[in-house]
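Peer 1: Residue numbers (full-length UniProt numbering): 1 to 475.
One structure, as structure tokens, below. Some questions next.
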Ligand SMILES: Cc1cc2nc3c(=O)[nH]c(=O)nc-3n(C[C@H](O)[C@H](O)[C@H](O)COP(=O)(O)OP(=O)(O)OC[C@H]3O[C@@H](n4cnc5c(N)ncnc54)[C@H](O)[C@@H]3O)c2cc1C
């Protein structure tokens, strides 16, 4: 009998499988798709032979769980870090380059934004109350802030409308994938506090395809411990009555298991739950998780268009794309090649009625605003990936809906970026959820293991302010 069945071969499921394998447990991972990696996967483009991701992803230097997983799998050095420049924002008439100045956190990025076109000193001063709250932000505030949207919250703190339009509408879309008027203030403030609270926080990108970072390596670890990874085999439903006792695949095969980990997104979990469990908390809210869709474009040019490695447009109502990545400056062995660009259309409903051709045309136009040579270059090839859900929307109430790893059904543990990790829905959140699920599985067997890594205390002034908050938990 399989000891533990893990449903879902994305990052959360594989992180859990690896952690359990490292404790000598034979797991069976069941993945519906032919390819592992879920929303952090990659494949070979048929025309060019290049490995492309589902969409471009960024890592950052505080991704402790994800980096621990890569360390375990021997691929940690396949992240290309960008420590100097954090990000170039395509503000008009001149770009704003975010970089850290030698100041204590959370002030180090401040000088980069001072002087941003369209903002004046009175706008920056209205940011002070938000900055103060960000330094003191911690998980004990999440329940309360989860009841209010980001726009109402920043207005209540007196942030100027110019700064809301310039910074917060952009930040909300790129970090939570939800517009400011819908985002949970708790979800947005958590990310703000983390991005500003750590000294020198910087971004990184995969030098290889995302799935190449961890899927094959994870399978080897799981198999070495006596486990297996089934691909192209969807779970139809979880079996059991009072406790879960295995999974039944779409072809009717029953895989008995003492413990089951669901590493599925909310709607997929809802679809495999037996009817009698569906109405019970925390499963009753599963249909309310709303997907944030993406459209991701890959563009192959005939020449080097001298693009930034990583640049983003600011928010404006009619714009399609936010972030652009020049893969020829990121992928191992691609230096010197003509430019290959990847871009993200986030919360992409506005792009859905457009044809792929129209999306490509507008993406090239928007790229040319950042890298003017794109307008003159010949586009050799382009692909458009339509992704129904990048992450669940962190709308008002989202944080309170997120379930804990331990479910009320004995033997059933939950993982996935959307579960209660005290993290945003990211690769880091997914990896942490996998480790948390493994801890819960081991605890049921009487084994105590500390696998998941919590966010550390903020640095410098942010840390001083946070430590002064009475009854504080971890940040
Ligand atoms: C375009 C895009 C851009 C992103 N950008 C970033 C970024 O810049 N930085 C960042 O950190 N994160 C980013 N993310 C988010 C990140 O990819 C996800 O948070 C993470 O991959 C989620 O992993 P998961 O294992 O929780 O879920 P998933 O990857 O969704 O894994 C669930 C798996 O379960 C499988 N499954 C579903 N139903 C069944 C069934 N019935 N039986 C068996 N298997 C089933 C699915 O096929 C899937 O493989 C982005 C995501 C996308 C799509």
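Think of the CB as a built atom: it goes at the ideal place given N, C-alpha and C, for glycine as much as any other residue.
Just so it is clear, the structure is predicted and the values come from calculations on it, not from any experiment.
For residue 344, is the classification buried or exposed, using 16 other Cβ atoms within 10 angstroms of its Cβ as the cut-off for buried?
Peer 2: As a working note, residue 344 is residue 344 in the chain shown. Classification for residue 344: buried.
Peer 1: DSSP state of residue 184, grouped into three classes?
Peer 2: Residue mapping note: residue 184 aligns to position 184 of the chain shown, counting from 1. Note: residue 184 maps to strand in three-state DSSP.
Peer 1: May I have the straight-line CA-CA distance separating residue 302 from residue 129, to the nearest angstrom?
Peer 2: If you number the chain shown from 1, residue 302 lands on position 302. If you number the chain shown from 1, residue 129 lands on position 129. Distance between the alpha carbons of residue 302 and residue 129: 49 Å.
Peer 1: Out of curiosity, what's the CA-to-CA distance linking residue 88 and residue 50?
Peer 2: Counting from 1 along the chain shown, the entry for residue 88 is found at position 88. Counting from 1 along the chain shown, the entry for residue 50 is found at position 50. Distance between the alpha carbons of residue 88 and residue 50: 26 Å.
Peer 1: With distances taken Cα to Cα, identify the nearest neighbour of residue 426 among 409, 417 and 379.
Peer 2: To locate residue 426, count along the chain shown from 1; it is residue 426. It is 417.
Peer 1: If residue 193 and residue 134 are in contact, beta carbons under 8 Å, what's the gap, nearest whole angstrom?
Peer 2: The residue you call residue 193 lines up with position 193 of the chain shown. The residue you call residue 134 lines up with position 134 of the chain shown. Contact annotation, residue 193 with residue 134: C-beta distance approximately 5 Å; criterion of less than 8 Å satisfied.
Peer 1: Have a look at residue 147 and residue 184 and give me their C-alpha separation to the nearest angstrom.
Peer 2: Translated into the one-based positions of the chain shown, residue 147 becomes position 147. Translated into the one-based positions of the chain shown, residue 184 becomes position 184. Each residue's alpha carbon lies about 7 Å from the other.
Peer 1: Pull the bridge partners of residue 149 from the DSSP assignment, please.
Peer 2: Along the chain shown, one-based indexing puts residue 149 at 149. Beta-bridge annotation (DSSP): residue 149 is paired with 184.
Peer 1: Exposed or buried, residue 52, counting other C-beta atoms within 10 Å across all chains shown (16 or more means buried)?
Peer 2: Within the chain shown, the letter at position 52 stands for residue 52. It counts as buried.
Peer 1: Residues in its own chain within less than 7 Å of residue 391 by CB, not counting five upstream and five downstream?
Peer 2: Within the chain shown, numbered from 1, the residue matching residue 391 stands at position 391. So the list reads 177, 292, 417 and 425, once near-sequence residues are dropped.
Peer 1: Report whether the distance from the Cβ of residue 11 to the nearest heavy atom of ligand 1 is below 7 Å.
Peer 2: Translated into positions along the chain shown, residue 11 becomes position 11. Look at residue 11: its beta carbon is less than 7 Å from one of the heavy atoms in ligand 1.
Peer 1: According to the Cβ coordinates, are residue 312 and residue 162 closer than 8 Å?
Peer 2: One-based indexing of the chain shown puts residue 312 at position 312. One-based indexing of the chain shown puts residue 162 at position 162. It is not a contact, given that the beta carbons lie outside the stated cut-off.
Peer 1: For residue 381, does the three-state DSSP call read helix, strand or coil?
Peer 2: Within the chain shown, the letter at position 381 stands for residue 381. In the structure shown, residue 381 falls within a strand segment according to DSSP collapsed to helix, strand and coil.
Peer 1: Sort out for me which residues DSSP pairs residue 291 with in a bridge.
Peer 2: Position 291 of the chain shown, counted from the start, is the residue given in the question as residue 291. 392.
Peer 1: So what does DSSP say about residue 205, is it helix, strand or coil?
Peer 2: If you number the chain shown from 1, residue 205 lands on position 205. It is a strand residue.
Peer 1: Closest by CA to residue 431, which one among 31, 335 and 40?
Peer 2: Along the chain shown, one-based indexing puts residue 431 at 431. That would be 40, whose Cα lies nearest to the Cα of residue 431.
Peer 1: Which same chain residues, not among the five before or five after residue 57, have their C-beta less than 8 Å away from its C-beta?
Peer 2: To locate residue 57, count along the chain shown from 1; it is residue 57. These residues qualify, in order along the chain: 40, 205, 206, 210 and 427.
Peer 1: Three or more beta-carbon pairs under 8 Å between the region 277-296 and the region 382-400, yes or no?
Peer 2: These segments touch.
Peer 1: Give a yes or no on whether the C-beta atoms belonging to residue 359 and residue 174 are separated by under 8 Å.
Peer 2: The residue you call residue 359 lines up with position 359 of the chain shown. The residue you call residue 174 lines up with position 174 of the chain shown. It is not a contact, given that the beta carbons lie outside the stated cut-off.
Peer 1: Take the Cβ of residue 403 as the centre, count every other Cβ of all protein chains shown within 10 Å, and call the residue buried at 16 or more, exposed below.
Peer 2: Translated into positions along the chain shown, residue 403 becomes position 403. Per the 10 Å Cβ criterion, buried.
Peer 1: Let me know the secondary structure DSSP gives residue 346 once reduced to three states.
Peer 2: The residue you call residue 346 lines up with position 346 of the chain shown. Residue 346 falls in the strand class under three-state DSSP.
Peer 1: In the DSSP assignment, find the unbroken beta strand (DSSP E) run with residue 83 in it and report its ends.
Peer 2: What you label residue 83 is simply residue 83 of the chain shown in a count that begins at 1. Looking at the DSSP string, residue 83 is not in any beta strand (DSSP E), and its letter there is neither H nor E.
Peer 1: Looking at residue 457 and ligand 1, is the gap between the Cβ and the nearest heavy atom below 7 Å?
Peer 2: Stepping through the chain shown from its first residue, residue 457 is reached at position 457. Flag unset: Cβ of residue 457 not near ligand 1.
Peer 1: Any heavy atom of ligand 1 closer than 7 Å to the beta-carbon of residue 425?
Peer 2: Position 425 of the chain shown holds residue 425. For ligand 1, at least one heavy atom lies less than 7 Å from the Cβ of residue 425.
Peer 1: Output the distance between the C-alpha atoms of residue 45 and residue 361, rounded to the nearest integer angstrom.
Peer 2: Against the chain shown, residue 45 aligns to sequence position 45. Against the chain shown, residue 361 aligns to sequence position 361. Approximately 20 Å, taken between the alpha carbons.
Peer 1: So does residue 272 have its beta carbon nearer than 7 Å to some heavy atom of ligand 1?
Peer 2: In the chain shown, residue 272 corresponds to position 272, counting from 1. Residue 272: yes, Cβ under 7 Å from ligand 1.
Peer 1: Using the DSSP secondary-structure output, state which residues sit across from residue 246 in a beta bridge.
Peer 2: The sequence position of residue 246 within the chain shown is 246, counting from 1. DSSP output for residue 246 lists 239 and 256 as bridge partner(s).
Peer 1: Would residue 139 pass as a contact of residue 474 if the rule is Cβ separation under 8 Å?
Peer 2: To locate residue 139, count along the chain shown from 1; it is residue 139. To locate residue 474, count along the chain shown from 1; it is residue 474. The answer is yes: Cβ separation under 8 Å.
Peer 1: Is residue 428 near ligand 1, with its Cβ less than 7 Å from a heavy atom?
Peer 2: Position 428 of the chain shown, counted from the first residue, corresponds to residue 428. Within the cutoff, so yes.
Peer 1: DSSP state of residue 217, grouped into three classes?
Peer 2: Along the chain shown, read from residue 1 onward, the residue named residue 217 stands at position 217. Residue state, collapsed to three classes: helix.
Peer 1: Just the Cα atoms here: how many angstroms apart are residue 297 and residue 47?
Peer 2: Locating residue 297 in the chain shown gives position 297, where the first residue counts as 1. Locating residue 47 in the chain shown gives position 47, where the first residue counts as 1. Their Cα atoms are separated by approximately 15 Å.
Peer 1: Please find out if some non-hydrogen atom of ligand 1 comes closer than 7 Å to the beta-carbon of residue 186.
Peer 2: Looking up residue 186 in the chain shown gives position 186. Checking the Cβ of residue 186 against ligand 1 gives no.
Peer 1: Measuring straight from C-alpha to C-alpha, what distance separates residue 381 and residue 111?
Peer 2: Translated into the one-based positions of the chain shown, residue 381 becomes position 381. Translated into the one-based positions of the chain shown, residue 111 becomes position 111. Residue 381 and residue 111: Cα-Cα distance of roughly 40 Å.
Peer 1: If you measure from the CB of residue 65, is any heavy atom of ligand 1 nearer than 7 Å?
Peer 2: The residue labelled residue 65 in the question sits at position 65 within the chain shown. False, no ligand heavy atom lies under 7 Å from that Cβ.
Peer 1: Pull up the CB-CB distance for residue 213 and residue 421, whole angstroms please, since I reckon it's below 8 Å.
Peer 2: Counting from 1 along the chain shown, the entry for residue 213 is found at position 213. Counting from 1 along the chain shown, the entry for residue 421 is found at position 421. Their Cβ separation, rounded to whole angstroms, is 20 Å, which puts residue 213 and residue 421 out of contact at 8 Å.
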